[in-house]
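Visitor: The listed protein sequences correspond, in order, to chains A and B.
Residues in the first sequence are numbered from 0 upward in steps of one, following numbering that gives the first Met the number 0.
Residues in the second sequence are numbered from 0 upward in steps of one, following numbering that gives the first Met the number 0.
Every residue gets a Cβ at the ideal spot worked out from N, C-alpha and C, and that includes glycine.
Below you will find the structure I want to go over with you.
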Amino acid sequence: MIAARHLRTLCVWSFAILLVCCAREKRNYSPPKPPAPGKGLKLVSLAPGSSAPTAEVANPYEGNALAISEGKRLFSAYNCVGCHANGGGGMGPPLMDSQWIYGSDPQNIFATIVEGRPNGMPSFGGRIPDQQVWQLVAYVRSLSGNESPFAMNGRPDQMQVHRQDQSLPHLPPQRGSAPHP
Amino acid sequence: MLMNVLTYAALVHESVLDPAGTHARTIAGLWSVFLWVTAAIYVLVMVALVIALMRRGKHDAAETPRGTYAAVWVAGAASVMVLFALLTASILTGRAVAEERSEPLRITLTGRQWWWQIDYEDADPSRRITSANEITVPVGVPVTIHLHSSDVIHSFWVPSLNGKRDLIPGHDGTITILAERAGLFRGQCAEFCGVQHAKMALWVNAVEPAIYARWVEGSRKTARTPSTPSEIAGLQVFLRSPCPLCHTIQGTDASGSTAPDLTHLASRRSLGADSLPNTRAALTGWIRDAQQAKPGCQMPAIDLRSEELNALVDYLGSLQ
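Given below as structure tokens:
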């Protein structure tokens, strides 16, 4: 009797946990048009450290695992890594901390990508479709731990595998020679 | 419609039983050996079964008829011998197919989610050719294809030319094809690689060496300069849209490397790794929202005004 009740509780809880994961794995390839770029957003002044824009725009991809991993792919495909490295920073600032000059809310990061920032950040407005900008926003926020840990991937969907530096060069097998080690 | 289907069937070869390459012919030979040997065994077993059923009841169950043990031994030995013969045949076929040849022509095939990048290697960079989803090869020349994957495991399979060979990330392999006759051979990714695995096909176009030389000459050229006002406007649309972030058109500023090279787009048969025929209507729909035709693919929906889209399609359609 007690065992049956425990079993029922277990089932209910397992189901509840599964429901939590629904948004994580949602794949909507043709989503409704995301919020317009920058239109509703207040521009920040050129001086850093000013107050963050007030318009609240929710990222449609908040907490979505596929969007975060797509963002990761785009982050390297669009050469964000050229300046920001993989979040650690280089020519551009690091993205792994959550204290940011131009704000770390989704709408701030969106505006930063679309409009660009002084001292090096180019404007990608009209270059990257809004949907992909939001995917980049989701990924960039995951770097600083602002995204839900349930949605962040331990391994990206798109593994970028490169030939190991220490691997042997590829040589065509020679007739009669010893097999390739 | 019927004529189209018939013409298609006559032109396109995608079958292990319709070999057009030396390797595929060897494999088809093995297939025939297996078919006839196993068919003969099937007939023999069925005949034995019928005989056994007809003789039922003529003997006492307790009494073992003479010669039973001998028959079991003979049948067992025959089975083992047939199995060894088939095993030998498949090992010999495997060795024949795997034989490395010299490589007058070297092609690198990169599997990507979900299309094929094709690079004709050359020591001189200006003589390299980059294309997508369509390999043109000369008839009668062994072509070694170096297989590389940029993301997950794919598998290269053109049934009429050779068997399957996987493209494994971080572990490059090779496969050799030798087309014996001119023709259009369809291939398909043969290893599940994600949501659009089914729409990841490619074409091998085997042509006579003279035609091949002409094709190489044309493909090494940079993209055609736009001539009409609409094409010129189309190039401008291309360059200020998201397109050049991923696509390359040689001879222009567009040099993205994560999506198919569009330098000679109009000369290809299909779009999106054979998801759609390469027609004006299909190209327009593909640019506007590729997710309708191939959900999950990496081409995003591009938001353009209709006159911009028209000009862009005019320009891309002119890239012979």
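#1: Under the assumption that B/W115 contacts B/L201 (Cβ atoms under 8 Å), give the Cβ distance between them as a whole number of angstroms.
#2: Report yes or no: is there a C-beta of chain B within less than 7 Å of the C-beta of A/I127?
#3: What does A/Y77 touch in chain B if you count any residue whose Cβ is under 7 Å from its own?
#4: Out of curiosity, what's the CA-to-CA distance linking A/G37 and A/C82?
#5: Can you tell me whether B/T262 is helix, strand or coil according to DSSP?
#6: My output table needs one value for B/V194: the three-state DSSP class, helix, strand or coil.
#7: Among B/Q112, B/V136, B/W113, whose alpha-carbon lies nearest the alpha-carbon of B/Y119?
#8: Quickly, what does DSSP pair B/G110 with across the bridge? List them, please.
#9: Does DSSP classify B/V46 as helix, strand or coil?
#10: At a Cβ threshold of 7 Å, is A/Q98 touching chain B?
#11: Are there three or more Cβ pairs, one per stretch, closer than 8 Å when the stretch 221-237 of chain B is compared with the stretch 299-312 of chain B?
#12: Would you mind giving the Cβ-Cβ distance between B/T92 and B/T143, rounded to the nearest angstrom? I have them listed as a contact below 8 Å.
#13: If I'm right that A/A2 touches A/A64 with Cβ under 8 Å, what's the distance once you round it to whole angstroms?
#14: With respect to the beta strand (DSSP E) encompassing B/S130, which residues constitute its N-terminal and C-terminal limits?
#15: Decide if the stretch 127-143 of chain A is in contact with the stretch 66-78 of chain A; the criterion is three or more beta carbon pairs, one per stretch, under 8 Å apart.
#16: Could you give the residue range of the beta strand (DSSP E) that holds B/R183?
#17: What residues are listed by DSSP as bridge partners for A/M120?
#18: Are the beta-carbon atoms of B/L146 and B/G172 separated by less than 7 Å?
#19: Please say whether B/C245 and B/W262 have beta carbons closer to each other than 7 Å?
#20: Let me know if B/G250 comes out buried or exposed under the rule of 16 or more other beta-carbons within 10 Å of its beta-carbon.
#21: Can you pull the chain B residues whose beta carbon is under 7 Å from the beta carbon of A/Y28, in chain order?
#22: Pairing CB atoms from the stretch 102-116 of chain A with CB atoms from the stretch 215-222 of chain B, are three or more of them under 8 Å?
#23: By the 8 Å beta-carbon criterion, what residues does the stretch 216-240 of chain B contribute toward chain A?
#24: So B/V138 and B/E207 are supposed to be a Cβ contact under 8 Å. How far apart are they, rounded?
#25: In angstroms, rounded to a whole number, what distance separates the CA positions of A/G144 and A/N152?
#26: Identify, in the order they occur along the chain, each residue of the same chain with its Cβ nearer than 6 Å to the Cβ of B/L52, setting aside the five sequence neighbours on each side.
#27: Please state whether DSSP places A/H5 in a helix, a strand or coil.
#28: Going along chain A in order, which residues have a C-beta closer than 9 Å to the C-beta of B/T283?
#29: Rounded to the nearest angstrom, how far is the Cβ of A/P205 from that of B/P241, given a contact under 8 Å?
#30: Return the Cβ separation of B/R279 and B/E133 in integer angstroms, given the expectation that the two are a contact with Cβ distance under 8 Å.
#31: Which residues in chain A sit within 9 Å of B/D123, going by Cβ to Cβ distance?
#32: Of all the residues that make up the stretch 85-116 of chain A, which are near chain D by a beta-carbon distance shorter than 8 Å?
#33: Quick one: which chain A residues come within Cβ less than 9 Å of B/P158?
#34: Look up B/T247 in the DSSP assignment and give the residues it is bridged to.
#35: Nearest-angstrom Cα distance between B/L318 and B/V96?
Guide: Taking the geometry as given:
#1: Translated into the one-based positions of the second sequence, residue 115 of chain B becomes position 116. Translated into the one-based positions of the second sequence, residue 201 of chain B becomes position 202. The Cβ separation is near 5 Å, so the contact holds.
#2: Along the first sequence, one-based indexing puts residue 127 of chain A at 128. Yes, its Cβ sits closer than 7 Å to a Cβ of chain B.
#3: Here residue 77 of chain A corresponds to residue number 78 of the first sequence, with the count starting at 1. Those are L244, listed as they occur along chain B.
#4: The residue you call residue 37 of chain A lines up with position 38 of the first sequence. The residue you call residue 82 of chain A lines up with position 83 of the first sequence. Interpretation of A/G37 is limited by its pLDDT of 49, a score under 50 that renders its predicted location unreliable; the figure taken from the coordinates is listed afterwards. Approximately 23 Å, taken between the alpha carbons.
#5: The residue labelled residue 262 of chain B in the question sits at position 263 within the second sequence. B/T262 falls in the coil class under three-state DSSP.
#6: What you label residue 194 of chain B is simply residue 195 of the second sequence in a count that begins at 1. Residue state, collapsed to three classes: coil.
#7: The residue given as residue 119 of chain B occupies position 120 in the second sequence. Among B/Q112, B/V136, B/W113, the Cα nearest to that of B/Y119 is on B/V136.
#8: For the purposes of this step, residue 110 of chain B is taken as the residue at position 111 of the second sequence. Note: B/G110 sits in a beta bridge opposite B/W115, B/S148.
#9: Here residue 46 of chain B refers to the residue found at position 47 when the second sequence is read from its first residue. Three-state DSSP puts B/V46 in a helix.
#10: The residue you call residue 98 of chain A lines up with position 99 of the first sequence. No, its Cβ sits nowhere closer than 7 Å to a Cβ of chain B.
#11: yes
#12: Taking the second sequence and counting its residues from 1, one reaches residue 92 of chain B at position 93. Taking the second sequence and counting its residues from 1, one reaches residue 143 of chain B at position 144. Contact flag wrong, Cβ pair sits at about 19 Å.
#13: Position 3 of the first sequence, counting from 1, holds the residue named residue 2 of chain A. Position 65 of the first sequence, counting from 1, holds the residue named residue 64 of chain A. No, A/A2 and A/A64 are not in contact; Cβ-Cβ is about 36 Å, not under 8 Å.
#14: Along the second sequence, one-based indexing puts residue 130 of chain B at 131. Here the beta strand (DSSP E) through B/S130 covers 128-131.
#15: yes
#16: Here residue 183 of chain B refers to the residue found at position 184 of the second sequence. Residue 183 of chain B is actually Leu in this sequence, not Arg. B/L183 -> beta strand (DSSP E) spans 182-187.
#17: Here residue 120 of chain A refers to the residue found at position 121 of the first sequence. Paired residues: A/R116.
#18: One-based indexing of the second sequence puts residue 146 of chain B at position 147. One-based indexing of the second sequence puts residue 172 of chain B at position 173. Closer than 7 Å, so yes.
#19: Position 263 of the second sequence, counting from 1, holds the residue named residue 262 of chain B. Position 246 of the second sequence, counting from 1, holds the residue named residue 245 of chain B. Just to set this straight, residue 262 of chain B is Thr in the shown sequence, not Trp. Not a contact, by the Cβ cut-off of 7 Å.
#20: Looking up residue 250 of chain B in the second sequence gives position 251. Exposed, by the Cβ-count rule.
#21: Numbered from 1 along the first sequence, position 29 holds the residue referred to as residue 28 of chain A. By Cβ distance, chain B contributes Q290, P294, G295.
#22: no
#23: R239, S240
#24: Numbered from 1 along the second sequence, position 139 holds the residue referred to as residue 138 of chain B. Numbered from 1 along the second sequence, position 208 holds the residue referred to as residue 207 of chain B. Between B/E207 and B/V138 the Cβ distance is about 6 Å, and since that is below 8 Å, they are a contact.
#25: Within the first sequence, the letter at position 145 stands for residue 144 of chain A. Within the first sequence, the letter at position 153 stands for residue 152 of chain A. Going by the C-alpha atoms only, they are around 12 Å apart.
#26: As a working note, residue 52 of chain B is residue 53 in the second sequence. If we look at B/L52 and ignore the five residues flanking it on each side, it has no Cβ neighbours.
#27: Your numbering for residue 5 of chain A matches position 6 in the first sequence. Note: A/H5 maps to helix in three-state DSSP.
#28: Indexing the second sequence from 1 puts residue 283 of chain B at position 284. The contacting residues do not exist; B/T283 stays about 17 Å from chain A at best.
#29: This structure does not reach residue 205 of chain A, given that chain A is present from 0 up to 180, and the question cannot be answered.
#30: Sequence index remark: in the second sequence, residue 279 of chain B carries index 280 (1-based). Sequence index remark: in the second sequence, residue 133 of chain B carries index 134 (1-based). B/R279 to B/E133, Cβ: 19 Å. No contact.
#31: Taking the first residue of the second sequence as position 1, residue 123 of chain B is located at position 124. Within chain A, no residue comes near B/D123; the closest Cβ sits about 21 Å away, beyond 9 Å.
#32: Any reference to chain D falls outside this structure, whose protein chains are A and B.
#33: The sequence position of residue 158 of chain B within the second sequence is 159, counting from 1. Simply none; closest approach about 25 Å.
#34: Residue numbering aside, residue 247 of chain B sits at position 248 when the second sequence is read from its first letter. Paired residue(s): B/S254.
#35: Within the second sequence, residue 318 of chain B is the residue found at index 319, counting from 1. Within the second sequence, residue 96 of chain B is the residue found at index 97, counting from 1. Distance between the alpha carbons of B/L318 and B/V96: 38 Å.
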